[in-house]
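By the numbering used here, the letter at position 452 of the first sequence is numbered 452, and the numbering carries on one by one without gaps.
Here a beta-carbon is modelled for each residue, glycine too, at the ideal position from N, C-alpha and C.
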Amino acid sequence: MSDLFLLDADYELEEGRGIILLYCKDKHGKMQVLKKPYKSYFYIQTSSKDIVIKRLEEEGIKDIEIVEKILNGSKKKLIKVYSENPREIPKIRDKVKEWKEVEEEYEYAVSYVYKFLMDSDLEPANWFSPDDLAVKHSNDLPELNILAFDIEIIEEGNEEKIIMISYATNRGKKQVLATKESSLSFVKSFSSEKQMIEAFFDEIAKIDPDIICTYNGDAFDFAKLKERCEKLKIKMSIGKNGETVRFERRGRGSAASVKGRVHIDLFNFVDHILSPSMKTEVLTLDEVARELLGEGKIELKWQEMKDAWKKKDIERIAEYCLKDSELTLALAEYLLPQIFAISRLTMTLPFDTSRYYYSQLVEHFLMRKSAEDNRIIPNMPKHDEIEQRRQLPSYTGAIVIEPKTGLHENILVFDFQSLYPTIIVTHNISPETLNCGHTECRMKNAVPGGKNYFCMQQKGFIPRHLEEVVIERRKVKEELKKTKSSMLKNYQYALKIIANAMYGYFGYAGSRWFCRECGEACAAFGRHYITFVINDAKEKGFEILYADTDSCFIKAKDKKEIEQAIQWHEKINDKLPGIIELEYRDTYPVGLFVSRAKEEVGAKKRYALLSKDGSLEIRGFETVRRDWCELAKTVQHKILKMVLTERSVENAVKYLKDVINQVKSGKAKKEDLIIYTQLTMPLSAYKQIAPHVKVAQKMKERGRPVGEGMIIEYIITKGKGSIAERAEPADEAKDYDPDYYINNQVLPAAMRVLQAFNIKEDLVRQETLSSWVK
DNA sequence: CCGCTACGGGG
DNA sequence: GGGTACGTAGCGG
């Protein structure tokens, strides 16, 4: 049989026997489902093997063997207990853990499917031979049938109904289903919501996609569909052969799993994995698509949509809805190769890869390496242990040199290439190399400023595999300079993710390889190296503008000094040990730095850099969130732009005063003042009555529908009482409170930028006072 | 400072 | 299938 591409896996029970199901695509793009019977197992550690084996046999458990594995760095003989039924494993384990001869049990909490993949050395999202399951590394992707969909809902009567569903496939099909008539060719109209949803399921069955993509489908589109299907008594048959959707509980919410297809919720992947390396601070489909694809959503405000729907003017809504599916599809085509690359490296199924956090990806990477090394996978911490770990006092973190506030020119940015990974490798930081007892290691590899040290004689488990990753990544980066292969780019990215997550995983309370001393050591070495760089730069006469963890911003006086600084960084690398390396990122013509205000604790680092090509790199100014009104957001962005590109603080302040005067004189546009906050609980559950809760209460009293999950739109009006008491539904508000909008919205947003120029809030307020008189 | 509550994405 | 998993800001005490 020819090679297959593994897309997904799962299992079923046949007469009490576990059978692994492998969902694969063949070379011709056909879906093939392979069935592999597979025995599950776990390990028992005991010094009284004979007794334990005897007791197991008395219980009728005879499928056992003695195996030699590496446990915590040394070889141990363990009892391996098998069962043909994977669900028996936890039951047997529950029994044995009570026996006094049993010291510990292992790998009882590694999922059945993943055990199979690890034991077979089978990488998801890769090709393999179905005869012997040998992985065939290949850069080709199979022909995949991808569908993205999106729904629109609107409140009608007392319930939220689905009014429209759009989908787009990578084979060019675009369709909108709606419950109102339209003349548009791509819109199919239905006389009821039920008919529309059923038609959607029928069309999915016909298209038979391998992959279904959504943007926040786990929490929204699938959840809403489920709700409506229950209400309208429709079978939610989206899966292969009409199978329904399963909602798997995980973390905060649940994942919508469709049998025989892979549901990829791209929002999860963006939120968990991509967001730290993205410029945008809000993860809306609009912003994310703009940044990754260079194209955003069709603009349509919620109120506009409601109005249009009421007026039966559905053309714009249909176009808007279809665009969302198209963007989701385009994002999928862009991100799936990245997800696949991570899947291969960490041996996780794309369904999981797209939903996992860094910690879970690293964990899977280390689990597969354990399996390869014949090591026992450490257990997950129990509930109490997690609590204990959380209670541990925190250790000193990274170094931050507070920025020199204000505008600066000629800013050079240097940073360590993967600082923590290279420290872990160079200093051999791993749970089992900690304080090995060798005098030489104690002398030569001690943690700066601490009493711990790490072994230098034997490579640790984590440093060894991390070194492979770091070295591989450098090789791939070199190759990328020659060829611009997107496959290589994605591989490089997967390697980067795993390398960078290792440090955090040492300190993550839920980690299987938790090692506080290791995390502490990474931080201490990190401080040591960045301090070394800063001091060396100062000694050479450079001005340090700002430094944080692994980066260092130098301000150059002129062109000549820019050259000198670049040369300086090249030399410093000769003085750094192992694979630790300082890199030159870029020189920016202008930058703005804002240090945190006194009362602000732990505020993010705020700076904005203007690069040579004229683009703005903004960090830490977070008024793009919806709990700020539109006016506050606009004011902040405009001020930032004025300051950096026009370099005129004066103009910016003048602009701010103008806005304030407008607000004060009652000329602000109402829609710019609306604040949006979601009701995340049933109204009765709120103990703390925040403004949006108060508004919801008022709405209810006035006979308007209010429910959990609703976004409350409100405006703070004039009058007496607390802010909450004066909050009114946006459509009912007769006026607005200028003082509130000035003091709680516009000024704070503006001051986040202007505080860098010593502009005093009170002064701005005073200077606008004259025009406040009414 | 600590502890509690709410938020995000989606419409 | 071992199931509970986030990280952070803003508020009130």
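Residue i vs residue j beta-carbon contact at 7 angstroms
i	j	result
D8	L349	yes
I146	I211	yes
E248	S257	yes
A749	Q636	yes
L22	A168	no
Y676	E713	yes
E581	Q417	yes
E68	K77	yes
S166	S325	yes
I530	I399	yes
Three-state class that DSSP yields for residue i in the structure shown
i	result
H569	helix
N410	strand
A9	strand
E775	Beyond the ends of the chain as shown, which are 1 and 774, falls residue 775; an answer cannot be given.
G242	helix
V110	coil
D558	coil
V282	coil
F186	coil
T179	coil
C845	Within the shown structure, residues of the chain are numbered from 1 to 774, placing residue 845 beyond reach of any answer.
K49	helix
Q636	helix
G507	helix
V590	strand
F269	helix
M31	strand
Limits of the beta strand (DSSP E) - the one that residue i falls within
i	result
P729	727-729
A148	146-156
L21	17-26
Whole-angstrom C-beta distance between residue j and residue i, which should lie under 8 angstroms
i	j	result
K798	W568	In the structure as shown, the chain starts at 1 and stops at 774, and residue 798 therefore has no counterpart that could be examined.
F108	R93	Position check: residue 108 holds Tyr in this sequence, whereas Phe was assumed. Indeed they touch by this definition, with Cβ atoms about 4 angstroms apart.
D218	G253	6 angstroms
I376	Y106	5 angstroms
A148	C229	In fact, because the Cβ distance is near 20 angstroms, the residues do not count as touching under 8 angstroms.
I264	S343	No, I264 and S343 are not in contact; Cβ-Cβ is about 11 angstroms, not under 8 angstroms.
Y358	I273	7 angstroms
I317	E152	6 angstroms
L177	K188	5 angstroms
I51	E101	5 angstroms
Rounded straight-line distance, which links the Cα of residue j to that of residue i
i	j	result
E732	K718	13 angstroms
H137	N126	7 angstroms
D558	E583	21 angstroms
E784	K638	For residue 784 there is no data in the structure shown, the boundaries of the chain being 1 and 774.
A199	E160	20 angstroms
I20	V362	24 angstroms
R290	E333	15 angstroms
E728	H692	9 angstroms
R606	R704	42 angstroms
Q388	M502	21 angstroms
M278	K180	39 angstroms
R619	A608	6 angstroms
L466	G251	27 angstroms
P37	G29	25 angstroms
R527	V135	42 angstroms
K115	M31	23 angstroms
L331	I238	22 angstroms
K555	K496	29 angstroms
F553	Y546	5 angstroms
V764	K571	48 angstroms
A523	V594	25 angstroms
L4	D307	51 angstroms
E600	V753	At E600 the pLDDT is 39, less than 50, meaning the model places this residue with poor confidence and gives no usable figure here.
Q175	I234	21 angstroms
Span of the alpha helix (DSSP H) around residue i
i	result
Y420	419-426
Q195	193-207
I429	It is not in any alpha helix (DSSP H) - I429 carries neither H nor E in the DSSP assignment.
G519	516-539
A775	Shown here, the chain extends from 1 to 774; a query on residue 775 therefore has no answer.
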